[in-house]
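S.K.: Have a look at this one.
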Amino acid sequence: MDFLLGGFVTAIQLLLTGDSETYSAVFATVRVSGYSMAASLALGVPGGFFLGHFDFRGKRQVRLVVDTLLALPTVLIGLLVYAFLSQRGPLGEWGLLFTLPGIAIGQTFLALPVVVALTATAVEAMDRHLRTTLITLGVSRTQLLLSILWEGRLGILAAAATAYGRVTTEVGVSMMVGGNIKWLTRTMTTAIALETNKGQFAMGVALGLVLMAIAFVVNFSVFFLRRR
Amino acid sequence: MDFLLGGFVTAIQLLLTGDSETYSAVFATVRVSGYSMAASLALGVPGGFFLGHFDFRGKRQVRLVVDTLLALPTVLIGLLVYAFLSQRGPLGEWGLLFTLPGIAIGQTFLALPVVVALTATAVEAMDRHLRTTLITLGVSRTQLLLSILWEGRLGILAAAATAYGRVTTEVGVSMMVGGNIKWLTRTMTTAIALETNKGQFAMGVALGLVLMAIAFVVNFSVFFLRRR
Amino acid sequence: MKPPLYTIRSLVHAYDGGPPVLAIERLSVAAGSILGLVGPNGSGKSTLLKLLAFVEKPTRGEIRFKDRPAAPFSDAVRFQVTLLTQEPYLMRRSVHANVAYGLKLRGRSRDCRPQVAAALSLVGLAAERFADRKWYQLSGGEAQRVSLAARLALQPEALLLDEPTASVDAASAELIKAAVIRARDQWGTTLVIASHDRQWLYEICDDSLHLFRGRILESGADNLLFGPWQPGPSGFWHKPLAGGGVLRVPPPPDDQAVGVLDTRAVSLTAPGAASPQGLNTLDGVVSRLVLEKNTRRIVATISVGLLALTVKLDPERLQALHLYPGKAVRIHFAPQAVAWCDPA
Amino acid sequence: MKPPLYTIRSLVHAYDGGPPVLAIERLSVAAGSILGLVGPNGSGKSTLLKLLAFVEKPTRGEIRFKDRPAAPFSDAVRFQVTLLTQEPYLMRRSVHANVAYGLKLRGRSRDCRPQVAAALSLVGLAAERFADRKWYQLSGGEAQRVSLAARLALQPEALLLDEPTASVDAASAELIKAAVIRARDQWGTTLVIASHDRQWLYEICDDSLHLFRGRILESGADNLLFGPWQPGPSGFWHKPLAGGGVLRVPPPPDDQAVGVLDTRAVSLTAPGAASPQGLNTLDGVVSRLVLEKNTRRIVATISVGLLALTVKLDPERLQALHLYPGKAVRIHFAPQAVAWCDPA
Amino acid sequence: EKILMMATTTSTDDTGLLDYLAPEFQKDTGIVLRWVATGTGKALKLGENCDADVLLVHAPDAEEKFVAAGFGINRREIMYNDFVIIGPADDPAGIRGQGVGVALAAIKSKTAVFVSRGDKSGTHQKELELWQAAGLPIPDKEAWYVQTGQGMLATINLAAERNGYTMTDRGSYIKYEANLNGNPPLKILVEMDAVLLNQYSVIAVNPARCPKAQLELATAFSDWMAGERGQGLIGGFKLLEKQLFTPNAQ
Ligand SMILES: Nc1ncnc2c1ncn2[C@@H]1O[C@H](COP(=O)(O)OP(=O)(O)OP(=O)(O)O)[C@@H](O)[C@H]1O
Ligand SMILES: Nc1ncnc2c1ncn2[C@@H]1O[C@H](COP(=O)(O)OP(=O)(O)OP(=O)(O)O)[C@@H](O)[C@H]1O
Ligand SMILES: [Mg+2]
Ligand SMILES: [Mg+2]
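If you read the protein sequences in the order shown, they are chains C, X, V, R and E.
Using this note's numbering, the first residue of the first sequence is number 1, and each one after it goes up by one.
Using this note's numbering, the first residue of the second sequence is number 1001, and each one after it goes up by one.
Using this note's numbering, the first residue of the third sequence is number 2001, and each one after it goes up by one.
Using this note's numbering, the first residue of the fourth sequence is number 3001, and each one after it goes up by one.
Using this note's numbering, the first residue of the fifth sequence is number 4001, and each one after it goes up by one.
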């Protein structure tokens, strides 16, 4: 029990004293989640829009697949990406194994189903008259997409926040593809896992709290989008 | 690379030959995720309804907190729950450490923010005339809640599917609270982590695919709710 | 006499801390009566109906139902009162499920097919063609009528209708009229109906209430006179009219004030008739003549430039004047007959 | 003469593989004209308007705009055509942002405040009071008018209005009428307007189109006669009427068929007048008389039991008959004047 | 049913040793053995928190501290295996057959990649000892010194990907060899140095601190492991025909 309080104190110390190990992991986490969120939003939001907005044969089946992919285990993604990026894998040449961009690739696969499924749900829930209204006002196809997304921004925001939570807390991909290399690819979550394995529970809690502090800052920075 | 194909073949073998270790982990996963989904839906759907449906002061701030909790690292939850359930913790008497219900408690904390945030978003996105219509038709408060949830079932379904994906793929809580004890608390994800740690990549992939097969069955069983 | 179904005391309603949009000092609605609500857009009709349906709580004051206070979800009103909202909302279910929903809430779930079919036929929809359609497979007017059928099926004690004929065709409007009257006569339902279609409304109402900027105007207030007003000679204020002529009114509270002119204070004469000293004299053209079914009087609309004034006449007077649509007439009324609305 | 703005050839539309709900063999809409669309609920008015706005693609056939084919999003029509939908939808923004949205799309974003204010005032809304309101802070009629303002602000070449006055008060309906006429006169806008308010519609339309079950009826088809029909003597079919009397018609295609009766085929006489051999003779009461502004003729509605028939009269004929609302009259028409609608 | 809860290091589980011993133990004593396999640090922590009855770990220094602090009693050495230094077959630092001290110095001076567990595990603690014994400063931020913070096999795999050296226990290496069908890219280069011994011990959790700790069962396990039966089974445990652990209970 006492390690909880200890963790809280340590978390504040780590942040205030500018502990270099911690900050190295913080930056790694921020960079990696930045990449993977950018990629998964760029691909997933249009994808989700398409899935939610248009009616086509087999739409429900596609949703079923996407929903199943929500349960893609991080370690499995880690293994798949590892298989491709390994020296002996087809993309070994790129030298992305044990690098932050490598992790970001794996996390993108992790976040993509979340963004697609939730964006599609948000778009689907929108009033069917919105589309007609926008077209009658003279939107182009792109403007239609942008305006519908803007009207449904609360849903997209929820999609992004959920995907961010998933990306930023995952361990499997970061371990497998990143290798948890100190000063290089050690992210907050792999650091937490390591400290916990070392039996340094207080340190694990401290790093966990730091991770939540980052999440708070990130969510706070898009707070204004919630205004109605 | 070859372990991917090997994993696929192994996955089918494991399922068809009724491999007892695999099935033990499958049942553990199904039981644990069953408990934690039941608990997090029972608590989170009404909570999300409340958050999405009513206007109150500080509502946006509550959303900010919930969104931040989406980024609750599994290992942190694992540590917190461990702290309480450990012999030396306040709830040590209950004897829940290294048991499936213990894991389920931790996973409930993991799923709760997802269910709350996404249910709230779904309810918020609903037509504001629905509430008025339902009241004028004579619903009670409970019927209002149920009918709004039913009308917004696609959103709730997405919330549940996302939470399920999160619960069923997490490793941190299962490892920390469950202890990955063979035949007892070894779930699919801890088994995958173990195999991967042992370098048995093909087996890791195989178990990952089995996990996805479970997810497919679960999502398929609620497929009918998608009919419009 | 039966006690009133609704009694309202010192009611004020404002949305989310905004300015009050409805302020009613006292009002009672007799059981079994049909009350019409008229008034321009934004005058508070829908707000009043939502309050009467106990969907919203008034900001101040009280609404009593059968002499007991009530609130949203309270059992005293839950199954007794129902409202057709202005934007008819259908749940994402079939037409049948929409109409049956309220019946099911009341525990009448056992085979409600015949009840649903009966309700649909009241609004002119054949159950065979419509019951199994999805909510989005309807035209605007069909959806409106399905919503109404869902309310009629409940046979409520109080039925509140907000623009029930807004996008409904003429034949269906007649059907709805018949359904409303039947509801009152057969089930003793009390109705409050807001509508912009005054002809339709006046043909069924026992009484009507004029709302303007959230307040009740005295009855007979069919004519609203809008400013701006300019001060003129001999204590009156003026407004020049588009087609020539001038409107004279008593001093208004402010230059944008809205005047109310009782139809009974207006008299019609042949064009060119001598105008009595001190009265407003306006030349116009009859644009329509409509029979008020209950009273057998005739409501005449006279266009004076852009202004449309309403006058009620006995058939005898009408025949004496040889009125027909298109005929030129002269209107007289005393400036003092114009009363001023309270500022909102 | 200017070439038609729209030309339609062999158009058929069905929703999602359902039965066809609109089938128009050929139609053209002249540039600068105002075309009215009338017809009962579900007759296809909104469907036609959505097709004309290129929001939906027809299932079969073609709609040409300025003699060129067009499709949703095509540049040829994107900024030229705009539709006010039947359910006015406001985006979750302020009133100003809603009205300004289309202007911004057209690149006129630089301070569009004055344009927005002008558009709002066309529908009788003061920009100071309304521009900064949120989309949900409006009454039904106000929302409807904001939607219309958002279309008027665009000064489009083709303006399609679906029930623009559905929940709008009488004064605003007059304003909208003026705005529509101004749009045509000042900007040369072509308008197609669907409305159930025929009085209002006939006062602005150059021409009107009667839709019934997805088909265009011949003009003058104001009266629809509904079955069921029973076979009768001498080759005619019958329907007994509520207030006594019988309607005789030529043999219908089926016993639920709908007959169309041209107003011009109906003649009015004094009650008790001798009825010419072989004609339908019905006794009714005048319920309203309305001036048709363009033609100066008078539209009389005659109630025969539950049936309401429309007849058009010259002022002279009306005076000769001493008609006024409430007066009993006798109606004659030849059974052969009833034509049968094509089954849908 | 008597259930003994053990916390142990990953190597005993990953190699399959426990899966092999537990049924025999149950057969002989009727006690069901359950274990949580984790890093040595966490295993000790679980003991400290009274969440296990017995520990099977391999970090002598940390173990002694654990016992000295009163968390555990009856520490008993059971078996050992040994550590080896492995590296790419072409051996860029040229350490094949050298002593440990020389080998480490060569790696450092050639700045060849060396992959460290970096997780305070028994293996990692041994590695740190070796740097110290060789009189070298413990590297941290040097680019050639990669700290994975992962388990042994993950670390070996990482070393293979990086074409680097690492130190591992022999059991894990044999497992790694088996995973790659006996033909791994990393080969054993340094072995059989006396300092490379890896001692495993059993410690019972102190019932004086943890009232629920089952000292009786823990002692039964400890006795069984140190006894003839246990020692014989450990000696007979083989993977790829190779013995993984050498029993050495006194
Ligand atoms: N949710 C709301 N928030 C703030 N103001 C509102 C809201 N709803 C309505 N109002 C305002 O309250 C006033 C009364 O609205 P109400 O809907 O009762 O009018 P109405 O008489 O029904 O008008 P209409 O004929 O257009 O339906 C209007 O000025 C309107 O702008
Ligand atoms: N999305 C849809 N799917 C299937 N059928 C539809 C759909 N929308 C409309 N319909 C049907 O198409 C027919 C024509 O509808 P439309 O909306 O064009 O009628 P309308 O003339 O505008 O009627 P109203 O006066 O009620 O607005 C109706 O029978 C209606 O039920
Ligand atoms: Mg209203
Ligand atoms: Mg329509």
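Glycine is no exception: its CB is placed at the ideal position from the N, C-alpha and C atoms.
(1) How is E4063 (chain E) classed by DSSP in three states: helix, strand or coil?
(2) Closer than 8 Å is the cut-off here; do at least three beta carbon pairs connect the segment 140 to 148 of chain C with the segment 188 to 205 of chain C?
(3) State buried or exposed for T4168 (chain E), treating a residue as buried only when at least 16 other CB atoms are found within 10 Å of its CB.
(4) Is I4003 (chain E) buried or exposed, if buried means 16 or more other CB atoms sit within 10 Å of its CB?
(5) Consider the C-beta atom of S3147 (chain R) and the heavy atoms of ligand 4; say whether any pair is separated by less than 8 Å.
(6) If the cut is a Cβ gap below 8 Å, which residues of chain X does K4120 (chain E) touch?
(7) Which residues of chain C have a Cβ atom closer than 9 Å to the Cβ of T1108 (chain X), listed in chain order?
(8) In the DSSP assignment, find the beta strand (DSSP E) that holds G3036 (chain R) and state where it starts and stops.
(9) Taking Cβ positions only, does T1099 (chain X) come closer than 9 Å to chain E?
(10) With H, G and I counted as helix, E and B as strand and the rest as coil, what does DSSP make of V2338 (chain V)?
(11) Taking 9 Å as the CB-CB limit, is P1113 (chain X) close to chain C?
(12) Going by DSSP, what residues sit across from L1194 (chain X) in a beta bridge?
(13) Go through its chain and collect everything with a Cβ distance to A2344 (chain V)'s Cβ below 7 Å, but skip five positions before and after it.
(14) Could you name the residues that DSSP lists as bridge partners for K4108 (chain E)?
(15) Please tell me whether G4149 (chain E) has its Cβ less than 9 Å away from any Cβ of chain C.
(16) Distance, Cα to Cα, A159 (chain C) vs G1047 (chain X)?
(17) Count the other CB atoms within 10 Å of the CB of N4242 (chain E); is the residue buried (16 or more) or exposed (fewer)?
(18) For P3325 (chain R) versus L3279 (chain R), is the C-beta distance shorter than 9 Å?
(19) Beta carbons nearer than 7 Å to chain V: which residues of the segment 1137 to 1168 of chain X have them?
(20) With a CB to CB cut of under 6 Å and the five nearest residues on each side skipped, what residues in its chain are close to I4073 (chain E)?
(21) Is G1155 (chain X) near ligand 1, in the sense that its beta carbon is under 8 Å from a heavy atom of that ligand?
(22) With DSSP as the reference, identify every bridge partner of S2267 (chain V), one or two as the case may be.
(23) Just to check, is the beta-carbon of K3140 (chain R) closer than 8 Å to a non-hydrogen atom of ligand 3?
(24) Using DSSP with H/G/I as helix, E/B as strand and the rest coil, what is L1004 (chain X)?
(25) Which residues in the same chain as A2127 (chain V) place their Cβ atom closer than 6 Å to its Cβ, once the five residues preceding and following it in sequence are excluded?
(26) Taking only three categories from DSSP, how would you classify H3352 (chain R)?
(27) Beta-carbon separation of E3163 (chain R) and G2140 (chain V) under 9 Å?
(28) Would you call the CB atoms of T3310 (chain R) and T3269 (chain R) closer than 9 Å?
(29) Consult DSSP for W4131 (chain E) and reduce its assignment to one of helix, strand or coil.
(30) Do we get a CB-CB distance below 9 Å when we pair Y2006 (chain V) with the residues of chain R?
(31) Within 9 Å of any Cβ in chain C, is that where the Cβ of R3151 (chain R) sits?
(32) Quick check: is any heavy atom of ligand 4 less than 8 Å from the C-beta of D2207 (chain V)?
(33) Alpha helix (DSSP H) containing M1203 (chain X): first to last residue?
(34) Using a threshold of 9 Å, state whether the C-beta atoms of P3051 (chain R) and I3034 (chain R) are closer than that.
(35) For the candidate residues X:G1165, X:L1014, X:I1105, X:T1017, whose alpha-carbon lies nearest to that of S1036 (chain X)?
M.R.: Walking through what the data contain:
(1) Here E4063 (chain E) sits in helix by DSSP.
(2) At 8 Å Cβ cutoff, the stretches do not touch.
(3) Classification of T4168 (chain E): buried, given that the 10 Å Cβ count is 16 or more.
(4) Answer is exposed; the Cβ neighbour count stays below 16.
(5) A distance criterion of 8 Å places the beta-carbon of S3147 (chain R) beyond contact range of ligand 4, judged by its closest non-hydrogen atom.
(6) Neighbours of K4120 (chain E) on chain X: none; closest Cβ ~16 Å, over 8 Å.
(7) Result: empty, since nearest Cβ-Cβ is about 16 Å, beyond 9 Å.
(8) Start and end: 3034 to 3038.
(9) No, T1099 (chain X) lies away from the interface with chain E (no Cβ there is under 9 Å from its Cβ).
(10) Assigned with DSSP and collapsed to three states, V2338 (chain V) falls in strand.
(11) Output row for P1113 (chain X): interface = yes.
(12) According to DSSP, which records beta bridges pairwise, L1194 (chain X) is partnered with nothing at all.
(13) No answer about A2344 (chain V) holds up, because its pLDDT of 42 lies below 50 and its placement is not dependable.
(14) Answer is none; K4108 (chain E) lacks a bridge partner.
(15) Contact of G4149 (chain E) with chain C is assigned, a C-beta pair being separated by under 9 Å.
(16) Taking the straight line joining both Cα atoms gives about 19 Å.
(17) Note on residue identity: the sequence assigns Lys, not Asn, to residue 4242 (chain E). A residue is called buried when at least 16 other Cβ atoms come within 10 angstroms of its Cβ; K4242 (chain E) does not meet this threshold and is exposed.
(18) Not a contact, by the Cβ cut-off of 9 Å.
(19) Answer set for the segment 1137 to 1168 of chain X: L1137, G1138, V1139, S1140, R1141, Q1143, E1151.
(20) If we look at I4073 (chain E) and ignore the five residues flanking it on each side, its Cβ neighbours are A4204, N4206.
(21) Short note on G1155 (chain X): C-beta not closer than 8 Å to any heavy atom of ligand 1.
(22) In DSSP, S2267 (chain V) forms a bridge with V:H2332.
(23) A small correction: the amino acid at residue 3140 (chain R) is Gly; Lys does not occupy that position in the sequence shown. Ligand 3 has a heavy atom closer than 8 Å to the beta-carbon of G3140 (chain R).
(24) Taken through DSSP and simplified to helix, strand or coil, L1004 (chain X) comes out as helix.
(25) If we look at A2127 (chain V) and ignore the five residues flanking it on each side, its Cβ neighbours are A2117, L2120.
(26) Nothing can be reported for residue 3352 (chain R): it is not among the residues displayed for chain R, which extend from 3001 to 3344.
(27) Yes, Cβ-Cβ distance for E3163 (chain R) and G2140 (chain V) is below 9 Å.
(28) Remark: C-beta atoms of T3310 (chain R) and T3269 (chain R) do not approach each other more closely than 9 Å.
(29) Note: W4131 (chain E) maps to helix in three-state DSSP.
(30) Closer than 9 Å: no.
(31) For R3151 (chain R), the answer is yes, since a Cβ of chain C falls inside 9 Å of its Cβ.
(32) Every heavy atom of ligand 4 is 8 Å or more from the Cβ of D2207 (chain V), so no.
(33) Membership of M1203 (chain X) in the alpha helix (DSSP H) is indicated by the continuous run 1201 to 1221.
(34) Before going on, a small fix: residue 3051 (chain R) reads as Leu here, not Pro. No.
(35) For S1036 (chain X), the closest C-alpha among the options X:G1165, X:L1014, X:I1105, X:T1017 is that of X:I1105.
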